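> Following this message is one structure expressed as C-alpha cells.
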Amino acid sequence: MKNRLYVVIPCYNEQDALPQTAKVLKKKICDLIGLGKISKNSKICFVNDGSSDETWEIILRLSREDPLFTGLNLSANRGHQNALLAGLIRSKNKADMVISMDADLQDDVDAIDEMVDKYWSGCDIVYGIRKSRKSDSRLKRLSAEFFYRFMNKLGAKTIFNHADFRLMSKRAIEALGQFKEVNLFLRGIVPMIGFKSDYVYYSRKKRELGESKYPISKMLSLAFDGITSFSIRPIRIISLIGILSLALSFFMLIYTLCMFIAGNVVWGWASTVISIWTIGGLVLLSIGIVGEYVGKIYMETKRRPRFIIQDDLDENYKE
Ligand code: UDP
Ligand code: MG
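Set out below in C-alpha cells:
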C-alpha cells in the first residue's frame, strides 16, 4: 500500500508556535492512521530554516520524545521557498505523499482529510485554496489578490488564493525535482508539473502564536521573484514602448512639417523635438530586442524539463 504521509513544515523562529502546532498535527495524523487512510510510519517533518531562537531545540526534543516527529536543519536562513523545497526533496524517497503547510496553523488542519481522500481518488496534486482572506490585514489581502491577477496577466499560471498548503504525490515531487532553477517560486512551478489535480477549500485563520515572518519587504521580493522567474513580458513591454515612441515621433514629424509650412515655428524646435522622440524610440526598441535575446538565454539557462512522463506503456523501457 502506498500510503505513507509526510507533513513538511518550514519553520523560521517559530518557538512560540511549534509546541501547539506539533500537538494539533499529531492528533490529526493519529486520527488518520486510526482511520487506516495513511500508514503507521507517517511522519511530521519540521524544517528549521536557520532560526536564531529555540526552534531547532524544540524540534530535537519533539523527535526524541516521539518517533512521529522528525526534522531537517538548514545551515542558514534560506527563505521559506527553499526550506520547503528542501523538505519536499528530502521526503520524496521516504513518503508516498507529502503535505506542505506553515508552522503557524493558519492553514486548516482539517483540510488534510480531504486532501488525503483526493490522493486516494487518484490525484497527484491537491491544492489548498483560501475561501476567504478575512483573517489577513486589508493591505495583505489587497496586495495578494492584485499580485495573483498581475502574475496571471504576465503569463505565469498561479492558482488564485493558493499559497503553499498542498499535497503532492511522490511522482509529482520527483517531477518538481527536475526543475533546477535557483530562483524558486513554487506556486508558479507546481501547476506546470501537470498530472491529475484537485482543490480543497478552507478558511484561513489568524496567526495566534508568534509573528508573521513575511514582512512587506519579503512579500515584495517574493512577488518580484515570481514575476521575473516566469515571464519575459516586462522586456516585451520595453519593446512596445519603443515602437509607440517611434510612431509618435512620426506624427510629430508630420505635425512639425505642417507648422513649418504654416510658418509657425521657432528655429531649431522641430529638429530637436523629432530627434528626441526618434532616438528615444530607437534606443528603447533596441534595448527591447536585445532583451528578447537575453530573455531567451534566461529561459534556456533554467533547463526546465521539456516534458514529464505520466505513464509509459512499454515496460522494458529503462532510462
Ligand atoms: N518561513 C521560513 N523562512 C523564512 C520565513 C518564513 O521557513 O525566511 C516559514 C515560517 O516559519 C512559516 C511559513 O514560512 O512556517 C510562512 O510564514 P508566515 O506564517 O510568517 O507568513 P504569512 O502567513 O504571514 O504570510
Ligand atoms: Mg502564516
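Read in order, the letters of the sequence shown are residues 15 to 333 in this note's numbering.
By construction, the Cβ of each residue, glycine as well, lies at the ideal position given by its N, Cα and C atoms.
This structure is a prediction, so every number in the text was calculated from the model and none was measured.
I think I139 touches L181, with their Cβ atoms under 8 Å apart; what is that distance to the nearest whole Å?
By 1-based counting over the sequence shown, the position of residue 139 is 125. By 1-based counting over the sequence shown, the position of residue 181 is 167. The pair is a contact, with the Cβ atoms about 7 Å apart (cut-off 8 Å).
> Let me check you understand the geometry: is the CB of S135 closer than 7 Å to at least one non-hydrogen atom of ligand 2?
Position 121 of the sequence shown, counted from the first residue, corresponds to residue 135. No, since every heavy atom of ligand 2 falls outside the 7 Å radius drawn around the Cβ of S135.
> Would you grab the beta carbon distance between C59 and S105 for me? Rounded to a whole angstrom, and I think it's under 8 Å.
Translated into positions along the sequence shown, residue 59 becomes position 45. Translated into positions along the sequence shown, residue 105 becomes position 91. About 6 Å; that satisfies the 8 Å criterion.
> Put S182 into one of helix, strand or coil per three-state DSSP.
Numbered from 1 along the sequence shown, position 168 holds the residue referred to as residue 182. Per the sequence shown, residue 182 should be read as Met rather than Ser. The answer is strand: DSSP assigns M182 an E or B state.
> Cβ of D30 within 7 Å of any heavy atom in ligand 2?
Residue numbering aside, residue 30 sits at position 16 when the sequence shown is read from its first letter. For ligand 2, not one heavy atom lies less than 7 Å from the Cβ of D30.
> Give the straight-line distance between the Cα atoms of D116 and R201, rounded to the nearest whole angstrom.
Within the sequence shown, residue 116 is the residue found at index 102, counting from 1. Within the sequence shown, residue 201 is the residue found at index 187, counting from 1. Each residue's Cα considered, the two are about 14 Å apart.
> Run the CB neighbour count on N166, radius 10 Å, all protein chains shown included, and call it buried at 16 or more, exposed below.
Counting from one through the sequence shown, the residue named residue 166 turns up at place 152. By the neighbour-count rule (16 or more Cβ atoms within 10 Å), N166 is not buried but exposed.
> Using 8 Å for Cβ pairs, my map puts A109 next to L49. What's the rounded Cβ distance?
One-based indexing of the sequence shown puts residue 109 at position 95. One-based indexing of the sequence shown puts residue 49 at position 35. Their Cβ separation, rounded to whole angstroms, is 18 Å, which puts A109 and L49 out of contact at 8 Å.
> Would you mind reading off the limits of the beta strand (DSSP E) that contains Y20?
On the sequence shown, position 6 is the one that residue 20 refers to. Run containing Y20: L19 to C25, per the beta strand (DSSP E) assignment.
> Measure the beta-carbon distance from V287 to T270 and round it to whole angstroms, keeping in mind my assumption that it falls under 8 Å.
Counting from one through the sequence shown, the residue named residue 287 turns up at place 273. Counting from one through the sequence shown, the residue named residue 270 turns up at place 256. Sure, about 7 Å apart at Cβ, within 8 Å.
> Check the C-beta distance from D239 over to N197 and give it rounded, since I have them as a contact under 8 Å.
Translated into positions along the sequence shown, residue 239 becomes position 225. Translated into positions along the sequence shown, residue 197 becomes position 183. About 5 Å separates the two Cβ atoms, so the contact holds.
> If you measure from each CB to the nearest heavy atom of ligand 1 and keep those under 5 Å, what residues do you get, in chain order?
Chain-ordered list of matching residues: P24, C25, Y26, E28, D63, G93, H94, A97, D116, A117, D118, S226, K227 and Y228.
> With DSSP as the reference, label D127 as helix, strand or coil.
Within the sequence shown, the letter at position 113 stands for residue 127. DSSP places D127 in helix when its eight states are reduced to three.
> Enumerate in chain order the residues of its own chain whose CB-to-CB distance from F209 is below 7 Å, with the five nearest sequence positions on each side excluded.
Indexing the sequence shown from 1 puts residue 209 at position 195. Closer than 7 Å at Cβ, skipping near neighbours: D138, I139, A186 and Q324.
> With a threshold of 7 Å, establish whether the CB of R155 neighbours any heavy atom of ligand 2.
Here residue 155 refers to the residue found at position 141 when the sequence shown is read from its first residue. Every heavy atom of ligand 2 is 7 Å or more from the Cβ of R155, so no.
> Mind checking whether the beta-carbon of R221 lies closer than 7 Å to any heavy atom of ligand 2?
Position 207 of the sequence shown, counted from the start, is the residue given in the question as residue 221. Under cutoff, so the answer is yes.
> For Q192, count neighbouring C-beta atoms within 10 Å of its own C-beta (all shown protein chains included) and say buried if the count is 16 or more, exposed if not.
Residue numbering aside, residue 192 sits at position 178 when the sequence shown is read from its first letter. Q192 is exposed by the Cβ-count criterion.
> Quick one: using the 10 Å Cβ neighbour count with 16 as the cut-off for buried, is R152 buried or exposed?
Here the question's residue 152 lines up with position 138 in the sequence shown. The residue in question, R152, is exposed, as its Cβ has fewer than 16 Cβ neighbours within 10 Å.
> How far does the beta strand (DSSP E) with I113 in it reach, from first residue to last?
Within the sequence shown, numbered from 1, the residue matching residue 113 stands at position 99. Start and end: M111 to S114.
> Hey, could you find the ends of the beta strand (DSSP E) G142 is sitting in?
Position 128 of the sequence shown, counted from the start, is the residue given in the question as residue 142. Here the beta strand (DSSP E) through G142 covers I139 to R144.
> Measure the alpha-carbon distance for A237 versus N87 and round it to whole angstroms.
Translated into positions along the sequence shown, residue 237 becomes position 223. Translated into positions along the sequence shown, residue 87 becomes position 73. Straight-line Cα distance between these residues: approximately 26 Å.
> For C44, which residues from the same chain have a beta carbon less than 6 Å from its beta carbon, with the 5 sequence-adjacent residues on both sides left out?
What you label residue 44 is simply residue 30 of the sequence shown in a count that begins at 1. Closer than 6 Å at Cβ, skipping near neighbours: no residue.
> Classify Y216 as helix, strand or coil using the three-state DSSP reduction.
What you label residue 216 is simply residue 202 of the sequence shown in a count that begins at 1. Looking at Y216 - three-state DSSP - the assignment turns out to be strand.
> Any heavy atom of ligand 2 within a distance shorter than 7 Å of the CB on Q120?
Against the sequence shown, residue 120 aligns to sequence position 106. Flag set: Cβ of Q120 near ligand 2.
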